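S.K.: Pasting in a structure now, in structure tokens, and then I'll have a few things to ask.
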Amino acid sequence: MSHQLTLAAFLRIVSIPQLPPPLPLPPLSARAPPPQPPGLAYALLALVPPVNGLYSSFYPPLVYCLLGTSRHISVGLFPVVSLMVGTVTVRLVPDDGGAVALETGNGTLGNATVATPSDMDARRVAVAASVTCLVGIIQLCLGALRVGFVSIFLSSPLVSGFMTAAAFHVLVSQLKYLFGLSVPSYSGPFASIYAIIEVFSRLPQSNVADVVTSIICIVIAVLAKEINQRFARRLPVPIPVELLVTVVATAVSYGADLEGRFGVDVVRDIPKGLAPPVIPDVSLFPEIIGDAFAIAIVAFVVPLSLSKIFAQKHGYAIDSNQELLAFGLSNIFGSFFQTVVVSTSLSRSLIQESSGGKTQVAALLSSIIVLIVILALGFLLEPLQTAVLASLVVVNLKGMFTQVKEVPRLWRTDRIDCLLWVVSCVMSILLGLDLGLAVALVFEILTTVAHSLFPACVPLGNIPNTEIYKRVGVFKQATETPGVKVVRCPAPLYFGNIEYFREKLMAILEFDPARVARKRDKALKKLKKRLSREAALPINTGAQNEAFSASDQSETSDDSDGDDAAVGAGVEEVKVTREGCGTHEVVAAVKTKRAPPTKREVTETRGAQGTPGPDGEGGGGGTGPWLQAGLAVKLEGVPRVTVDTVILDFSSVTYLDTVAVNTLTTMTGDYQKVGVSFLFAGCDDAVLSRLERAGFFAGAVARSGFFPTTRDAALWNAAHATPPVPLSPRASPRASVTEDTHM
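Residue 1 is where the sequence shown starts when you use full-length UniProt numbering, and the numbers rise one by one after that.
Right, dumping it as structure tokens:
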């Protein structure tokens, strides 16, 4: 590709329209066809005279070429932005002539009962200039505050849905020009619906000349674009269909006197020369600040996205904050000359890049051509029908409407993104572009927050003979180690999701540590009462055994909270043993049938395990070791626990707040009380530092319980696991086939 800008390439650049190509963007090597003189058509969207569109193509690029960081984008009007400006102008200056007092270059225009077209145009130009100035101020402030990252909040599905809705609004706004109808403009929620109803109700009043002209222009433009697309490699230069249609339609309108004979609407006056600078009306700022903020964001995001594509391809950097400053100053400067908010022309930018343009000198040359049109050639376009401009605008909306094809793809890949697209599109159509964008942003933020509020905590299993851990149930080869649970948390933990994480972990482990501890405390109370009664019984008489059994059944019934089942003497009981292992209690429990213990057995057990006797000596009271070796105690209501170690994969946890640390401390302590230890894997240094500052290591988990990887934690746990202590020799031989519970 040549590094010099040839004359042919330059002519293609300066004649490219400010009309968007399909989104997502076409290949950078694509050649867009050159259309009508820039700015004329999109001035209709902003509801200002066409000459103001020409001003918008001349003044702002002069500032951007000095301050912008992109070498390839072409600054100009963008249809969505112009339409958003138009919604503000029609709200403040409705078609009935009523409006607030506005400061214009020729003095103050107050409320008028009947407004002439020139008065209404002057009011709307003043409103558009005020919007442009405030948009520039907002962009300038955002750039000065270094918040260029604001564009990241507009995701691709949101922008795609918003652009489709904007294309719908553009189409609706052009219907009255296509049919030659005098239809009032609407603003606010459901404005497009009202406009459609109004247009269809007045279809019998359509201007036949405008309808015929619209059909001819649309057919010719569509056919030419298809030829350009199919034969792009064979054509040295794309057919400049928009430019040709504009020239021919202007000549026909002038020669046939369509305005005088058929009453068609034409461009009318395009004054020669440059308008004198006018200070924007700052008194309107309080009424338009909300709209201006939305316009400022949209007008910045589109050129920034395109600039990044070009910068990545050509190996230079884009400073988003500097771009905000450049566009802000461009709009502020242009507002003094009654321009409309500028963004970028996607198709002209693509041509400028693919034709060999390397700097913003091309933008300067384009501005010179526009200046020539303003000073000398503008009057030639006065007979041009507005139906022609509307037809060209509608044809170029095809690419924006094809974005509807993204919906099935999004539905297959991510239904949340699909829903975001639908919300963005539907709300923008019904409520208007400003409110629709706000609703879409809120919905996007809520979905993002929802992802973090409900992290997908899942159990992991090891792929045999590897160090890889994958989700259990999804990967068939993923296997879990008995007694060990590996759980992954894929999101930062903070006050909003830590409770959900605790409940999710409880569901994965299949028991509540607080409930287990409570049941064991109740079992301990039963144990103490039983030992006290047994100590007072004579040695093993049948009548005493019967009395013991009846008394024990009564206590079981009295102490039960609905989870414990009453059992009597000679039925299934639970025999337990306890193994001390550091801070853990590993318990083995077996069910067996046996007669009530004799006084001798009770005495031996009490002496061996330190259980307090009738005299208060022996083991401690309270909730001390409640499972005693060789002692039969009814524990049928105690929940089953099959896990002794939990490994938390924190490789995706990048942040912990104070609430999360405190909850983790309490949670690990609760599990430790029932014999479950915790190990952590893959923690970030920042997370470890936060845990250390919060005093987490003083609780149930020491710093030695943190490992670089999940595999390291699993190997350490396997190497340091202590086998359970075998049951007492007095246990029934049936113990080998009974229930086994260890923690």
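Cβ coordinates follow ideal geometry from the N, Cα and C atoms, glycine included.
Remember, predicted model here, so these are calculated numbers, not experimental data.
For Val455, count the other beta carbons within 10 Å of its own beta carbon; 16 or more makes it buried, fewer makes it exposed. Which is it?
M.R.: Indexing the sequence shown from 1 puts residue 455 at position 455. Looking at the sequence provided, one finds Pro at residue 455 rather than Val. Burial call: buried.
S.K.: Buried or exposed for Val80, going by 16 or more other Cβ atoms inside 10 Å?
M.R.: Against the sequence shown, residue 80 aligns to sequence position 80. Looking at its Cβ environment, which holds 16 or more other Cβ atoms inside 10 Å, Val80 is buried.
S.K.: Return the residue from the list Gly273, Val264, Leu664 that minimises the CA-CA distance to Leu493.
M.R.: Numbered from its first residue, the sequence shown carries residue 493 at position 493. Among Gly273, Val264, Leu664, the Cα nearest to that of Leu493 is on Leu664.
S.K.: Give the straight-line distance between the Cα atoms of Ala46 and Ala299, rounded to the nearest whole angstrom.
M.R.: For the purposes of this step, residue 46 is identified with residue 46 of the sequence shown, where counting begins at 1. For the purposes of this step, residue 299 is identified with residue 299 of the sequence shown, where counting begins at 1. Their Cα atoms are separated by approximately 14 Å.
S.K.: Note down the Cα distance separating Arg234 from Ile227, rounded to an integer number of angstroms.
M.R.: One-based indexing of the sequence shown puts residue 234 at position 234. One-based indexing of the sequence shown puts residue 227 at position 227. About 10 Å.
S.K.: From Ser151, Arg711, Ala719, Thr69, pick the residue whose C-alpha is nearest to that of Arg488; which is it?
M.R.: On the sequence shown, position 488 is the one that residue 488 refers to. Of the listed residues, the one whose Cα sits closest to Arg488 is Arg711.
S.K.: Taking the straight line between their C-alpha atoms, what separation do you get for Glu406 and Thr164?
M.R.: Here residue 406 refers to the residue found at position 406 when the sequence shown is read from its first residue. Here residue 164 refers to the residue found at position 164 when the sequence shown is read from its first residue. Going from the Cα of Glu406 to the Cα of Thr164 covers about 11 Å.
S.K.: Measuring CB atoms only, is the region 304-319 touching the region 262-269, in the sense that at least three cross pairs come out at less than 8 Å?
M.R.: As far as the Cβ criterion goes, the region 304-319 does not touch the region 262-269, which means the pair count is below three.
S.K.: Measuring only the C-alpha atoms, how far is Tyr59 from Ser320?
M.R.: Translated into positions along the sequence shown, residue 59 becomes position 59. Translated into positions along the sequence shown, residue 320 becomes position 320. So the alpha carbons of these two residues sit roughly 22 Å apart.
S.K.: In chain order, what residues of the same chain lie with their CB nearer than 6 Å to the CB of residue 754, ignoring the 5 residues before and after it?
M.R.: Absent from the structure is residue 754, since the part of the chain shown begins at 1 and ends at 743.
S.K.: Mind reading off the beta-carbon distance from Ile218 to Gly378? Whole number of angstroms is fine, and I expect it under 8 Å.
M.R.: Stepping through the sequence shown from its first residue, residue 218 is reached at position 218. Stepping through the sequence shown from its first residue, residue 378 is reached at position 378. Not really, about 25 Å apart at Cβ, beyond 8 Å.
S.K.: Return yes when the Cβ of Thr654 is within less than 8 Å of the Cβ of Asp685, no when it is not.
M.R.: As a first step, residue 685 must be located in the sequence shown, where it is residue number 685. As a first step, residue 654 must be located in the sequence shown, where it is residue number 654. Not in contact: Asp685 and Thr654 (Cβ atoms no closer than 8 Å).
S.K.: For Val404, which residues from the same chain have a beta carbon less than 8 Å from its beta carbon, with the 5 sequence-adjacent residues on both sides left out?
M.R.: By 1-based counting over the sequence shown, the position of residue 404 is 404. If we look at Val404 and ignore the five residues flanking it on each side, its Cβ neighbours are Thr164.
S.K.: Identify which residue in Ser366, Phe697, Asp657 has its Cα closest to the Cα of His72.
M.R.: Here the question's residue 72 lines up with position 72 in the sequence shown. Nearest option by C-alpha distance: Ser366.
S.K.: Under DSSP, the beta strand (DSSP E) around Phe678 begins and ends at which residues?
M.R.: Residue 678 sits at position 678 when you count from the first residue of the sequence shown. Where Phe678 is concerned, the enclosing beta strand (DSSP E) stretches over 677-681.
S.K.: If you draw a straight line from the alpha carbon of Ala126 to that of Leu420, how long is it in whole angstroms?
M.R.: Looking up residue 126 in the sequence shown gives position 126. Looking up residue 420 in the sequence shown gives position 420. Approximately 36 Å between the Cα atoms of the pair.
S.K.: What would DSSP say about Glu692, mapped onto helix, strand or coil?
M.R.: As a first step, residue 692 is located in the sequence shown; it is residue number 692 there, counting from the start. Three-state result, Glu692: helix.
S.K.: Can you tell which of Val237, Phe501, Leu325, Pro157 has the C-alpha that lies nearest to the C-alpha of Cys65?
M.R.: Numbered from 1 along the sequence shown, position 65 holds the residue referred to as residue 65. Answer by Cα proximity: Leu325.
S.K.: Using a Cβ-Cβ cutoff of less than 6 Å, which residues in the same chain neighbour Phe696 once the five nearest sequence positions on both sides are dropped?
M.R.: Stepping through the sequence shown from its first residue, residue 696 is reached at position 696. Around Phe696: Val661, Thr665.
S.K.: Which residues bound the alpha helix (DSSP H) around Asn462?
M.R.: By one-based count along the sequence shown, residue 462 stands at place 462. Asn462 -> not in any alpha helix (DSSP H); beta strand (DSSP E) instead, spanning 458-462.
S.K.: CB Ser130 to CB Phe285, shorter than 8 Å?
M.R.: Along the sequence shown, one-based indexing puts residue 130 at 130. Along the sequence shown, one-based indexing puts residue 285 at 285. In contact: Ser130 and Phe285 (Cβ atoms closer than 8 Å).
S.K.: Kindly give me the distance between the Cβ atoms of Tyr121 and Pro49, rounded to whole angstroms, as I take these residues to be in contact under 8 Å.
M.R.: Residue 121 sits at position 121 when you count from the first residue of the sequence shown. Residue 49 sits at position 49 when you count from the first residue of the sequence shown. The residue you asked about is not Tyr; residue 121 is Asp in the sequence shown. 5 Å between Cβ atoms; contact.
S.K.: Taking a contact to mean a Cβ-Cβ separation below 8 Å, would you say Val486 touches Leu460 in this structure?
M.R.: Indexing the sequence shown from 1 puts residue 486 at position 486. Indexing the sequence shown from 1 puts residue 460 at position 460. Yes, the pair counts as a contact, with Cβ atoms nearer than the cut-off.
S.K.: Report buried or exposed for Val147, applying the criterion of at least 16 other Cβ atoms within 10 angstroms of its Cβ.
M.R.: Taking the first residue of the sequence shown as position 1, residue 147 is located at position 147. With fewer than 16 other Cβ atoms within 10 Å, it is exposed.
S.K.: Is Ile374 closer than 8 Å to Leu274 when the C-beta atoms are compared?
M.R.: Numbered from its first residue, the sequence shown carries residue 274 at position 274. Numbered from its first residue, the sequence shown carries residue 374 at position 374. Yes, the pair counts as a contact, with Cβ atoms nearer than the cut-off.
S.K.: For the region 131-139 against the region 279-293, are there 3 or more C-beta pairs whose distance is under 8 Å?
M.R.: Yes: the two stretches touch, three or more of their Cβ pairs being nearer than 8 Å.
S.K.: Using the rule of at least 16 other Cβ atoms within 10 Å of the residue's Cβ for burial, across every protein chain shown, is Thr344 buried or exposed?
M.R.: As a working mapping, residue 344 is identified with position 344 in the sequence shown. Buried.
S.K.: Where does Arg233 fall in DSSP's three states?
M.R.: Taking the sequence shown and counting its residues from 1, one reaches residue 233 at position 233. Of the three classes helix, strand and coil, the one that applies to Arg233 here is coil, per DSSP.
S.K.: Does the distance from the C-beta atom of Leu397 to that of Leu40 stay below 8 Å?
M.R.: If you number the sequence shown from 1, residue 397 lands on position 397. If you number the sequence shown from 1, residue 40 lands on position 40. Going by C-beta atoms, Leu397 is not nearer than 8 Å to Leu40.
S.K.: Taking Cβ to Cβ, would you say Ser56 is nearer than 8 Å to Gly436?
M.R.: In the sequence shown, counting from the first residue as 1, residue 56 sits at position 56. In the sequence shown, counting from the first residue as 1, residue 436 sits at position 436. Cβ atoms of Ser56 and Gly436: not closer than 8 Å.
S.K.: Among the residues of its own chain, which have a CB less than 8 Å from the CB of Ala507, if the five just before and after it don't count?
M.R.: Along the sequence shown, read from residue 1 onward, the residue named residue 507 stands at position 507. Nothing meets the Cβ criterion.
S.K.: Give me the Cα-Cα distance between Ala294 and Lys313, rounded to the nearest whole angstrom.
M.R.: Locating residue 294 in the sequence shown gives position 294, counting from the first residue. Locating residue 313 in the sequence shown gives position 313, counting from the first residue. Rounded to the nearest angstrom, the two C-alpha atoms are 30 Å apart.
S.K.: How about Arg703 and Leu656: are their beta carbons less than 8 Å apart?
M.R.: As a position in the sequence shown, residue 703 is number 703, starting the count at 1. As a position in the sequence shown, residue 656 is number 656, starting the count at 1. It is not a contact, given that the beta carbons lie outside the stated cut-off.
S.K.: How far does the beta strand (DSSP E) with Thr645 in it extend, from its first residue to its last?
M.R.: As a position in the sequence shown, residue 645 is number 645, starting the count at 1. Segment 645-649, the beta strand (DSSP E) holding Thr645.
S.K.: Excluding the 5 residues flanking Asp649 on each side, which residues of the same chain have their C-beta closer than 8 Å to its C-beta?
M.R.: Stepping through the sequence shown from its first residue, residue 649 is reached at position 649. Excluding sequence neighbours, Asp649 sits near Leu460, Tyr469, Val486, Val487, Arg488, Cys489, Ala681, Gly682, Thr710.
S.K.: Using a 10 Å radius around the Cβ and a threshold of 16 neighbouring Cβ atoms, would you call Glu534 buried or exposed?
M.R.: Stepping through the sequence shown from its first residue, residue 534 is reached at position 534. Looking at its Cβ environment, which holds 16 or more other Cβ atoms inside 10 Å, Glu534 is buried.
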